[in-house]
Amino acid sequence: MSTATTHTEHNDADHGPFQQHHFATAEQQFDASKLGMWLFLITEVLLFGGLFVGFGMMQSKYPEAFMQAHEHLSWKLGAFNTVVLLISSFTMVMAVLAAQTNEKKKLIVYLILTLICAGIFLGVKYVEYSEKFEHGLLPGKFYASHEQGGAQGQYMFFSFYFMMTGLHGIHILGGMAVMGWVLRRAIRGDFSSQYYTPVDLVGLYWHLVDLIWIYLFPLLYLIS
Amino acid sequence: MSGHSHTVSYAASARLYAGILITLLILTAITVAASRVDFGEGNVIIALVIATIKGTIVALFFMHLRHDKPVNAIAFTSSLFFLALFIGFCLIDAKSRIAPTVVGLKPIPTMPNAPGPGKHFVPGQPLPGYAPAPVAAAAPAAGGHGAAAPAAEQHH
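Residue numbers (my numbering), protein chains in the order written: chain A, 122 to 345; chain B, 1261 to 1416.
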């Protein structure tokens, strides 16, 4: 607080209900929250970056094995999931837009649509994972494929496949949990064009999860 | 948020986002189509270039970096810079590894027990071509499996 008067006269008229005392303005609070979210996203980029580098190193070591192993993935299911995630990114950004323009009903509808898309994505992943389990296409020492004559090192592909898509799936689950909380607050009527920080930040997180999948899909399902 | 540099109109923004979604879906279709054609090494490059275009579109429009305060874009771009360093140096390492030169012995590619496609020295394993053949044959089997012993993994 710059002066004593603003401090003592503090009330909801000049302070929105969600503005915390240590921020001079609501905009400053919004910008600080947003920068914090971006810093978190940076750590996410580096977290997944390590896995991508490991994948690239092992791919250059076992090119034939990776080529054969990736044939076990269904590119149709992968493409379907890509479309689902892109649509969910669209519904998420529409939810943010609805919050920015005081459209409470649309905000709720778009959040629910995003949650449904996330659910479909995980459902498809479940189908894919169970099929891999059935055929013994498992990571590391659990790899137990009975296929004859395949190139050696395929277990390495599935180690990365499960690590990367699994970590990504955990991010989807976490996103769904936070989105559920945002949905509850949206129904309660917390958000308006004056305050929609949680919607915006969940949106940022959700788009990053989508962005990671944009790279995962071609690398795992299409080329190798 | 009041005080944003641009005003938000619901209809105009919704149209823009719908257009972005359609663009992303078209790019996805192109990625899938391009992967069905064999360009050799080019497939990876095509896929990564398209993925990067899609990622840029997502960051600029869906993540609002286009109209956002520059500090967010600078922070995010810095992470990409460090990621590029990370990937770049690892690539240099992977591409510049060569088999150790062992004077007076047979060339490594002809050795039956030389390590797999990488053909490089594996710590803890006999140098390819250095140990007598019977010993070299027994060594990988004792090593268990793992990245260090490609010859020993997976017995089908």
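C-beta atoms are modelled at their ideal positions from N, C-alpha and C, and glycine is treated no differently.
For clarity, every value in this text was computed on a predicted model and none was experimentally measured.
Task: Endpoints, alpha helix (DSSP H) assigned at M179/A - done: Note, M179/A: alpha helix (DSSP H), A147 to K182.
Open item on the list: Here's the rule: buried if 16 or more other CB atoms are within 10 angstroms of the residue's CB, otherwise exposed. What is A125/A?
Closed with: Note that A125/A has pLDDT 44, beneath the 50 cutoff, so the model's placement of it is unreliable and no number is given.
Open item on the list: Taking the alpha carbon of L236/A as the reference point, which residue from S266/A, W327/A, P138/A and P319/A has its own alpha carbon closest?
Closed with: Nearest option by C-alpha distance: W327/A.
TODO: Return the residue from the list Y342/A, A265/A and Q149/A that minimises the CA-CA distance to T318/A.
DONE: Residue Q149/A is the option with its Cα nearest to T318/A.
Open item on the list: So, with DSSP's three-state summary, where would you put S1295/B?
Closed with: The DSSP-derived three-state label of S1295/B is helix.
TODO: Taking only the alpha-carbon atoms, compute the straight-line gap between K155/A and K253/A and give it to the nearest angstrom.
DONE: Take the alpha-carbon of K155/A and the one of K253/A: they are about 39 Å apart.
Task: Per-residue DSSP class, three states only, for Y316/A - done: Correct three-state label for Y316/A: strand.
- [ ] Taking T222/A and Y1270/B to be in contact with their CB atoms under 8 Å, please state how far apart those CB atoms are, rounded to whole angstroms.
- [x] Their Cβ separation, rounded to whole angstroms, is 4 Å, which keeps T222/A and Y1270/B in contact under 8 Å.
Task: Residue range of the alpha helix (DSSP H) that includes D1328/B - done: D1328/B -> no alpha helix (DSSP H), and no H or E assigned at all.
Task: Of the listed residues D321/A, A153/A, S195/A and L259/A, nearest to M215/A (C-alpha basis) - done: Nearest C-alpha to M215/A: D321/A.
Task: Contact belief for A1307/B with A1294/B at Cβ below 8 Å, rounded distance in angstroms - done: About 7 Å separates the beta carbons of A1307/B and A1294/B, which is inside the 8 Å limit, making them a contact pair.
Task: Residue nearest to S181/A in terms of C-alpha spacing, selected from A1333/B, E1301/B, H1327/B and G1315/B - done: Cα-wise, what sits closest to S181/A is E1301/B.
Task: Members of the region 321 to 334 of chain A near chain B, C-beta cut-off 7 Å - done: L325, H328, D331 and L332: these are the residues of the region 321 to 334 of chain A whose beta carbon lies less than 7 Å from some beta carbon of chain B, given in chain order.
Task: V1395/B burial status per 10 Å Cβ neighbour count (16 or more: buried) - done: Residue placement at V1395/B is flagged as unreliable, the pLDDT there being 45, under the threshold of 50; the coordinate-derived value follows with that caveat. When all chains shown are included, V1395/B counts as exposed.
Task: Coil, strand or helix - S266/A by DSSP - done: Residue state, collapsed to three classes: coil.
TODO: Go ahead and label P138/A buried or exposed: buried means 16 or more other beta carbons lie within 10 angstroms of its beta carbon, across all protein chains shown.
DONE: Here P138/A is exposed. Its C-beta has fewer than 16 other C-beta atoms within 10 Å.
TODO: Indicate whether at least one CB of chain A lies closer than 7 Å to the CB of T1283/B.
DONE: Not an interface residue.
- [ ] Buried or exposed for L1345/B, please, with buried defined as at least 16 other CB atoms from any protein chain shown within 10 angstroms of its CB.
- [x] When all chains shown are included, L1345/B counts as exposed.
Open item on the list: Using the Cβ count rule (16 or more neighbours within 10 Å means buried), how would you classify K197/A?
Closed with: Counting the other Cβ atoms within 10 Å of the Cβ of K197/A gives fewer than 16, which makes it exposed.
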